[in-house]
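Take the position in the sequence shown, starting the count at 1, then add 16; the result is the number in our numbering.
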Amino acid sequence: MSGQWLLATAATGRIIPADGPYPHVEGATVTSPRTGRPVRLTRRDCHACIRAETPDLEVVR
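What follows is the structure, given as structure tokens:
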């Protein structure tokens, strides 16, 4: 699959390819596209944390 992980790219400030693993982004601060306000990401916002807690979860692409 080509492309990039959009939230991870915004949170880390660098392009994260969709071909690679999703990086941990908890603790990062991003600007909400809806409100324009800063939002601090938590574990529930982090795909890598969710995958670690539920390894049998199937990823839909």
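A virtual CB, placed ideally from N, CA and C, is assigned to each residue, including glycine.
Model, not experiment: these values are computed from the prediction.
- For V46, the closest C-alpha among the options D61, G19 and R67 is that of D61.
- CA-CA distance, R53 to L22, rounds to 18 Å.
- Residue nearest to I66 within the set G19, E42 and R30 is E42 (criterion: CA-CA distance).
- By the neighbour-count definition (other C-beta atoms within 10 Å, threshold 16), I31 is an exposed residue.
- DSSP lists V46 as the beta-bridge partner residues of V55.
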